[in-house]
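Asks: So that we are looking at the same thing, I have put the structure below in structure tokens.
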Amino acid sequence: MDDAQTAQEAIAYYREQYDAIGARLLRLQGDLRDARRDAQRQRIIATLIQQLYQLDVAAVSETDPDRQLGERLIALLVESLHLDCAALLTRSDAQTLSVKHAFGLDPGFHFTNLSELPEQAHSAAPEQLPTAVRAAIESSGLRRWLWSAPAGADAMLFLGRRHEQGAGVGLNFEAGDQAIAQSVLAVYLALSERRRAKHALHSARIDYRTLFESAQDAFVIIDGRSNALLEANQQALSLLGTDCEQLQQRPLISWLIDPDPQGWRRRWRRTLISGRAEQLECQLRTLAGQPFWAELRLIRIGTLERGHLLLVARDISKRKQVELQLRHYAFRDELTQLPNRAQMYRRLEEALERQRQAPDYQFALMFLDLDRFKRINDSLGHSLGDRLLVAIGQRLQGQLSPQDTIARLGGDEFLILAVDVPDPLVVYQRAQRLERALRAPFTVSGQEIFTSASIGIVLANHNHNYDQPEAMLRDADIAMYQAKRHEGREHRYALFNPAMHARALADMELERDLRRALKQQELMLYYQPIVRLADGAITGFEALVRWRHPQHGMVPPNRFIPLAEDTLLILDISRFVLREAGRQALAWSKCFERAPIVNVNLSGRQFISSEVATETSQLIAEVGCPPALINIEITESAILTNKALALAGMEGLHAQGFKLSMDDFGTGYSSLSYLHEFPFDSIKIDQSFVSRLTREPRTAAIVTAILRLAETLEKRVIAEGIETPDQLAALQRLGCAGGQGYLFSPPVEASAAEALYKQPSWILPSASGTDADQVLWSAEPEQD
Numbered sequence: 022m023d024d025a026q027t028a029q030e031a032i033a034y035y036r037e038q039y040d041a042i043g044a045r046l047l048r049l050q051g052d053l054r055d056a057r058r059d060a061q062r063q064r065i066i067a068t069l070i071q072q073l074y075q076l077d078v079a080a081v082s083e084t085d086p087d088r089q090l091g092e093r094l095i096a097l098l099v100e101s102l103h104l105d106c107a108a109l110l111t112r113s114d115a116q117t118l119s120v121k122h123a124f125g126l127d128p129g130f131h132f133t134n135l136s137e138l139p140e141q142a143h144s145a146a147p148e149q150l151p152t153a154v155r156a157a158i159e160s161s162g163l164r165r166w167l168w169s170a171p172a173g174a175d176a177m178l179f180l181g182r183r184h185e186q187g188a189g190v191g192l193n194f195e196a197g198d199q200a201i202a203q204s205v206l207a208v209y210l211a212l213s214e215r216r217r218a219k220h221a222l223h224s225a226r227i228d229y230r231t232l233f234e235s236a237q238d239a240f241v242i243i244d245g246r247s248n249a250l251l252e253a254n255q256q257a258l259s260l261l262g263t264d265c266e267q268l269q270q271r272p273l274i275s276w277l278i279d280p281d282p283q284g285w286r287r288r289w290r291r292t293l294i295s296g297r298a299e300q301l302e303c304q305l306r307t308l309a310g311q312p313f314w315a316e317l318r319l320i321r322i323g324t325l326e327r328g329h330l331l332l333v334a335r336d337i338s339k340r341k342q343v344e345l346q347l348r349h350y351a352f353r354d355e356l357t358q359l360p361n362r363a364q365m366y367r368r369l370e371e372a373l374e375r376q377r378q379a380p381d382y383q384f385a386l387m388f389l390d391l392d393r394f395k396r397i398n399d400s401l402g403h404s405l406g407d408r409l410l411v412a413i414g415q416r417l418q419g420q421l422s423p424q425d426t427i428a429r430l431g432g433d434e435f436l437i438l439a440v441d442v443p444d445p446l447v448v449y450q451r452a453q454r455l456e457r458a459l460r461a462p463f464t465v466s467g468q469e470i471f472t473s474a475s476i477g478i479v480l481a482n483h484n485h486n487y488d489q490p491e492a493m494l495r496d497a498d499i500a501m502y503q504a505k506r507h508e509g510r511e512h513r514y515a516l517f518n519p520a521m522h523a524r525a526l527a528d529m530e531l532e533r534d535l536r537r538a539l540k541q542q543e544l545m546l547y548y549q550p551i552v553r554l555a556d557g558a559i560t561g562f563e564a565l566v567r568w569r570h571p572q573h574g575m576v577p578p579n580r581f582i583p584l585a586e587d588t589l590l591i592l593d594i595s596r597f598v599l600r601e602a603g604r605q606a607l608a609w610s611k612c613f614e615r616a617p618i619v620n621v622n623l624s625g626r627q628f629i630s631s632e633v634a635t636e637t638s639q640l641i642a643e644v645g646c647p648p649a650l651i652n653i654e655i656t657e658s659a660i661l662t663n664k665a666l667a668l669a670g671m672e673g674l675h676a677q678g679f680k681l682s683m684d685d686f687g688t689g690y691s692s693l694s695y696l697h698e699f700p701f702d703s704i705k706i707d708q709s710f711v712s713r714l715t716r717e718p719r720t721a722a723i724v725t726a727i728l729r730l731a732e733t734l735e736k737r738v739i740a741e742g743i744e745t746p747d748q749l750a751a752l753q754r755l756g757c758a759g760g761q762g763y764l765f766s767p768p769v770e771a772s773a774a775e776a777l778y779k780q781p782s783w784i785l786p787s788a789s790g791t792d793a794d795q796v797l798w799s800a801e802p803e804q805d
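Our numbering puts the first residue of the sequence shown at 22, with every later residue one more than the last.
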């Protein structure tokens, strides 16, 4: 009997762990949506910049190309991003930004007190703005908006929408969308500056020498056939840090950091023959050897026969630095400075492409999740938790080869890409090396912290082909949750197999069916009697929810309750249980002079809310049930979530007349202190103690201590899980007041429970020492 129960407990434990996978997949879908949104922003930026360059080319012949470019920019943004409002504001005086080009915005719209304006803002966080600015925006009727106003640029790009659009259409006006406005404005300002220079070149009727020397860009005129330097303006000399004599003495190719003489000759020849300009970016060095990035443009001057080329150069080092920073932020985790999810996706795509080219190539993805990290955050604070994550990332990185990649996925999750894996044994060895690295304690801010991790492994080879990084990440996540079920084992890692995915899909299907069950009233209550051990009388019942599935029959509670906890469906289930238990308690109070008390379990999720007492009272009041007929059972885990809220909720429930019981007493860490701190009327000894009561003297001593403590604190004690006459006799000898279990009856439907209350199917001996074998059972309890 004991072995079977132990096996059932083990099965229940593992099933409970499986149920967490569905919620995990939902969170993963959210992470994937974020990644796709980031990619969408990059595509939007690329498309807008490309079109903006095209508009710039089209504006060459305009009499006022700067105005034309600004108007076309606004039109492009409105059309491409589905906006109601787009405006380019420029500084009209020292403290005012006024509309220069706009669509959907009053020409008189303006911002003042520029020193108080942030460089970026959006409608999701308006509180950072001055009152006058918020009032100006509200008066324009915009519901969602954002702006970018780079420091020192004297310009602002303001985008808005008065009507809601579907998710993913154009802008969502999130903080991340400001990158779109920032990039577009930066390119526009650069093009506008260049356009003004070009316009001056086309329209000004000035002396060639004056124009040549006053150009903002470096101009060098070259003989395309001999590669000889013919002329250079002062800007070119300043750019290279040299004078005209030194410039003419050195070959032009020598100024390049990475010279390619043949490549340059090909470019010059193409430009001379075709007449089309060539543009490139490369690194040059000054006379002093200082490197810098330059944008070079080769333009043919006059006819092919003349053979002259104009080399236009511009220092773009600052832009390159900004681009480098943007790439760093785009592909790096801000906290740990490790690669982030986007960078890992790129590496995974490269590995998958390599595998497509070489089918025998094998690599592995490891999904590492820190165990009990939330407890560290809750106990030591998020700041210390962040520093611990940085230290963990550094230690993990030190265990990898230079070819491998580690990335922080988010929270306490890390991804590790192991390349060139010859067989699974190598992956296991790497996982063990990571485990050993994490076993050593971390010292953070004077605190010694121990941690561990669960690792899910996916091996990509000819037996397991993947097309997308998302599929690999999904399977690694599933394997990681399988590894978490290895608690107590030496190694906590698991290699993915297809059966894991099938179980995850089954959990998702079960969640869908449970949502339907709530709507179609497939849930019901069963009642297990609570017996006074002195004489066998029933004093109450524990209401237990059951689910009769239309196809699968009765679904075990340990199969769907953990899933309901993870998906918050437990809140709806708890409301159903309270209503139904209240109705039944009220009905029994009308049938019996001494009505049985109905025990109802409340989920820890409900105690997160400060309104638990009010909501519970309202639900019971709706069915007309007096609170005195309901006993609320609360587990220690519900108290651990938030002690302050739990205490307030229980005091509120107690004040309204509900009785309170601590459920599963003895399984937690602080139960004794909670008996004194919280207003419990009774405690329920966990069945794990009852099952060992007659076999282990130590357990008997613990139960005796619990009973004496409860007597001192004037708490009633109920023993759970009584299954044998020996257990019953032992509890009677120890003076336990009440009990429940399959020895008396399993949970039964309300009609059977009522019949038991009228006539119990057992006769108990007195507690004066009668042998347990003399317990008489008048009939088997009715079961469904």
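By construction, the Cβ of each residue, glycine as well, lies at the ideal position given by its N, Cα and C atoms.
Near Ala31, which residues of its chain fall below 8 Å by C-beta distance, leaving aside the five closest residues on each side in sequence?
Replies: Hits under 8 Å: none found.
Asks: Residue range of the beta strand (DSSP E) that Gln304 falls in?
Replies: Its beta strand (DSSP E) spans residues Glu299 to Arg306.
Asks: Counting pairs of Cβ atoms below 8 Å between the region 333-342 and the region 405-413, do you hit three or more?
Replies: These segments do not touch.
Asks: Measure the CB-CB distance between Arg513 and Asp433 and report whether it falls below 9 Å.
Replies: The answer is no: Cβ separation not under 9 Å.
Asks: Which residue's Cα is closest to the Cα of Arg536: Tyr778, Asn518 and Ile594?
Replies: When only C-alpha atoms are compared, the closest one is Ile594.
Asks: Helix, strand or coil: how does DSSP classify Gln677 here?
Replies: DSSP places Gln677 in coil when its eight states are reduced to three.
Asks: What are the partner residues of Asn482, as DSSP defines its beta bridges?
Replies: Answer by DSSP bridge pairing, in chain order: His485.
Asks: Helix, strand or coil, according to DSSP, for Cys646 in the structure here?
Replies: Of the three classes helix, strand and coil, the one that applies to Cys646 here is coil, per DSSP.
Asks: Let me know if Gln627 comes out buried or exposed under the rule of 16 or more other beta-carbons within 10 Å of its beta-carbon.
Replies: It counts as buried.
Asks: Between Ala174, Asn482 and Leu599, which lies nearest to Ala379 when the distance is taken from Cα to Cα?
Replies: Among Ala174, Asn482 and Leu599, the Cα nearest to that of Ala379 is on Asn482.
Asks: Say whether chain D places a C-beta atom closer than 9 Å to the C-beta of Leu150.
Replies: No chain D is present in this structure, which holds just one protein chain.
Asks: How would you write the range of the beta strand (DSSP E) that Asp390 sits in, first residue to last?
Replies: It spans Phe384 to Leu391 - the beta strand (DSSP E) in which Asp390 sits, taken as one unbroken run.
Asks: If you follow the alpha helix (DSSP H) that Asp114 is part of, which residue opens it and which one closes it?
Replies: No alpha helix (DSSP H) holds Asp114; the beta strand (DSSP E) holding it covers Cys106 to Asp114.
Asks: Check Ser682 in the structure and name its three-state DSSP category.
Replies: In the structure shown, Ser682 sits in a strand (DSSP, three-state: E or B).
Asks: Given that a residue counts as buried once 16 or more other Cβ atoms are within 10 Å of its Cβ, and exposed if not, what is Ser275?
Replies: With fewer than 16 other Cβ atoms within 10 Å, it is exposed.
Asks: Taking the alpha carbon of Leu138 as the reference point, which residue from Ser160, Ala123 and Gly173 has its own alpha carbon closest?
Replies: Closest option to Leu138, Cα to Cα, is Gly173.
Asks: If contacts are defined as beta-carbon pairs under 8 Å, then Ile427 and Leu421 qualify, I think. What distance do you get, rounded to the angstrom?
Replies: At roughly 6 Å, the Cβ-Cβ gap stays under 8 Å, so Ile427 and Leu421 are in contact.
Asks: Indicate the three-state DSSP secondary structure (helix, strand or coil) for Gly162 in the structure shown.
Replies: Three-state result, Gly162: coil.
Asks: Less than 9 Å between the beta carbons of Leu430 and Arg495, yes or no?
Replies: It is not a contact, given that the beta carbons lie outside the stated cut-off.
Asks: At what residues does the beta strand (DSSP E) containing Asp244 begin and finish?
Replies: Start and end: Ala239 to Asp244.
Asks: Consult DSSP for Arg367 and reduce its assignment to one of helix, strand or coil.
Replies: Note: Arg367 maps to helix in three-state DSSP.
Asks: Taking DSSP as the reference, what is the three-state secondary structure of Pro423?
Replies: Pro423 falls in the coil class under three-state DSSP.
Asks: Does the beta-carbon of Thr27 have 16 or more other beta-carbons within 10 angstroms, so that it is buried, or is it exposed?
Replies: When all chains shown are included, Thr27 counts as exposed.
Asks: Leu73 by DSSP, collapsed to three states: which one?
Replies: Residue state, collapsed to three classes: helix.
Asks: How many Å lie between Phe597 and Asp707 at the Cα?
Replies: Each residue's alpha carbon lies about 25 Å from the other.
Asks: For the beta strand (DSSP E) that Glu122 lies in, which residues bound it at each end?
Replies: Correcting the residue type first, residue 122 is His in the shown sequence and not Glu. First-last of the beta strand (DSSP E) with His122: Thr117 to Phe124.
Asks: Roughly how many angstroms separate the alpha carbons of Leu546 and Ala145, rounded to a whole number?
Replies: Spanning the two alpha carbons is a distance of roughly 45 Å.
Asks: Counting only runs of 3+ residues fully inside the region 430-504, write out the beta strand (DSSP E) ranges in chain order.
Replies: Here the runs fully enclosed are 434-439, 463-465, 468-470 and 474-481.
Asks: Measuring CA to CA, which of Pro312, Gln256, Ala309 and Arg368 is closest to Ile333?
Replies: What sits at residue 333 in the sequence shown is Val, not Ile. Ranking the options by Cα distance to Val333, first place goes to Gln256.
Asks: Please state the DSSP three-state secondary structure of His184.
Replies: Correct three-state label for His184: coil.
Asks: Would you say Leu650 and Val619 are within 9 Å of each other, going by their C-beta atoms?
Replies: Yes, Cβ-Cβ distance for Leu650 and Val619 is below 9 Å.
Asks: Going by the DSSP bridge assignment, what does Pro550 pair with across the sheet?
Replies: Its beta-bridge partners are Phe562.
Asks: In three-state terms, what does DSSP make of Ile278?
Replies: The answer is coil: DSSP assigns Ile278 none of H, G, I, E or B.
Asks: Can you find at least 3 beta carbon pairs, one from the region 92-100 and one from the region 160-176, that sit closer than 8 Å?
Replies: Contact between the region 92-100 and the region 160-176 is absent, because fewer than three Cβ pairs lie under 8 Å.
Asks: If we count the other Cβ atoms within 10 Å of its Cβ and call it buried at 16 or more, is Arg48 buried or exposed?
Replies: Burial call: exposed.
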